[in-house]
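Down below is the structure, laid out as structure tokens.
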Amino acid sequence: MAFEKSVFINCPFDADYIVLLRPLIFTLVYLDFEPRLSQTKSSSQIRINLIKRHIRESMFGIHDLSRCRPLKEGEFPRFNMPYELGLDIGCIEYGGKKFKHKKILILEKEKYYYKQVLSDIGGQDIENHNDDPKMLVKKVRNWFSALNESKETYPGPSEIWIDFLKFSNGLNLKLKARGYTESDINEMPVADYIKFVNNWVKGDQKLMQAD
Amino acid sequence: MSTKSIYTKALGKAVAEGAKKDSVVRTLHVAPSYSGKWVVVPQSSVKAVRAFASQKSAIEFAKKYANAKSATEVVVYENSGGVKERIAV
Chain A
9 MAFEKSVFIN CPFDADYIVL LRPLIFTLVY LDFEPRLSQT KSSSQIRINL
59 IKRHIRESMF GIHDLSRCRP LKEGEFPRFN MPYELGLDIG CIEYGGKKFK
109 HKKILILEKE KYYYKQVLSD IGGQDIENHN DDPKMLVKKV RNWFSALNES
159 KETYPGPSEI WIDFLKFSNG LNLKLKARGY TESDINEMPV ADYIKFVNNW
209 VKGDQKLMQA D
Chain B
136 MSTKSIYTKA LGKAVAEGAK KDSVVRTLHV APSYSGKWVV VPQSSVKAVR
186 AFASQKSAIE FAKKYANAKS ATEVVVYENS GGVKERIAV
């Protein structure tokens, strides 16, 4: 995977986050980037080593801190995501010349929340999505568009959003026709989902050649 | 999330078939848009045929448009991106 095309995604893998994670993955593939995530049931040591590798091998990092706060009374706050954000910022600061130009986007639910509770975060690119997948698509697309130095412009957010809906509909129909249940589809590994998106966005030529 | 793998090359191919731009309108999509309106979009395009202030009006139009274009289905989405309803026409 090319460093310049790789995007490390730091986010939860909870069932309730899937409505944001899937459009995020779709948007990245649509814009010709390669999402990198650390969904694994391995030990924390293996997991953190995998995360460090993703950070070293990705030019971009998208860190969604919207789920750090406890969602229900009695739940603990979750610090894994701010910790991984810190690792990514540390890589830029201390990692050497190659990493000085890495770019980081921090996502939050409500605007200015993290500037209030984590003031040292100032100076980073922070966008809010209000838990709205459509808004997330737009914010991520526009962030990459602002960084884009080539003459080619990216497809607009509406085009990506409508194609995401069509892809999701088509994926559900095809999988259900083959006997998969709603929960099978919702709980499929992220790596599988990325492959389906890649096939849809980039066409099935590569698959045909591989046969 | 589970780690039960679903993906196969054959399934990937089948899903990718849906990405092909078909000149025949078979499905119409009623989707939330960035303007806050509900848009009616044919399967073959990413551009809306028309936009409506309410989802109900968009569905009514989509049904009529589907009949006129010999489409067979209207898919209505939720704001979350999930499918709310499939209407055979």
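Quick mapping for you: the protein sequence lines, in order, are chains A and B. This note's numbering puts the first residue of the first sequence at 9, with every later residue one more than the last. This note's numbering puts the first residue of the second sequence at 136, with every later residue one more than the last. Here a beta-carbon is modelled for each residue, glycine too, at the ideal position from N, C-alpha and C.
- Not one beta carbon of chain B lies nearer than 7 Å to the beta carbon of ASN150(A).
- What LYS146(A) touches in chain B, judged by beta-carbon distance under 8 Å, is TYR169, going in chain order.
- The continuous alpha helix (DSSP H) containing HIS62(A) extends over residues 52-64.
- For PHE68(A), there is no enclosing alpha helix (DSSP H); the enclosing beta strand (DSSP E) covers residues 68-72.
- About 20 Å separates the Cβ atoms of ILE100(A) and GLU116(A), ruling out a contact at the 8 Å cut-off.
- In the structure shown, PHE187(B) falls within a strand segment according to DSSP collapsed to helix, strand and coil.
- Per DSSP, PRO43(A) is one residue of the beta strand (DSSP E) stretching across 42-44.
- In this structure, the straight-line span from the alpha carbon of GLN132(A) to that of VAL125(A) is close to 14 Å.
- Put simply, the region 208-218 of chain B does not touch the region 189-207 of chain A. Fewer than three CB pairs are less than 8 Å apart.
- With a cutoff of 7 Å on beta-carbon distance, VAL205(A) and PHE68(A) are scored as not near each other.
- Classified as exposed, ARG77(A) has fewer than 16 neighbouring CB atoms from the shown chains inside 10 Å of its CB.
- Of GLY171(B), TYR169(B), ILE141(B) and ALA223(B), the smallest CA-CA separation from ASN202(B) is found for ALA223(B).
- Between VAL218(B) and ASN194(A) a beta carbon distance of about 13 Å is seen, past the 8 Å cut, so the two are scored as non-contacting.
- With respect to the 7 Å criterion, PRO141(A) and VAL27(A) are classified as neighbours on the basis of their beta carbons.
- Note that the C-beta distance between VAL148(A) and TRP169(A) is not below 7 Å.
- With distances taken between CA atoms, SER158(A) lies nearest to LEU39(A) out of SER176(A), LEU39(A), GLU92(A) and GLU83(A).
- Straight-line measurement puts the Cα of LYS174(A) at about 27 Å from the Cα of SER46(A).
- In this structure, SER66(A) lies near ARG44(A), with their beta-carbon atoms less than 7 Å apart.
- The Cβ atoms of PHE152(A) and PRO31(A) lie no closer than 7 Å to each other.
- Contact of ASN136(A) with chain B is not assigned, every C-beta pair being separated by 7 Å or more.
- Counting C-beta atoms within 10 angstroms of its own C-beta, GLN53(A) has fewer than 16 neighbours from the protein chains shown and is therefore classed as exposed.
- Within chain A, the C-beta atoms nearer than 7 Å to that of ALA166(B) come from ILE170 and LEU173, in chain order.
- The C-alpha of LYS108(A) lies about 37 Å from the C-alpha of GLY216(B).
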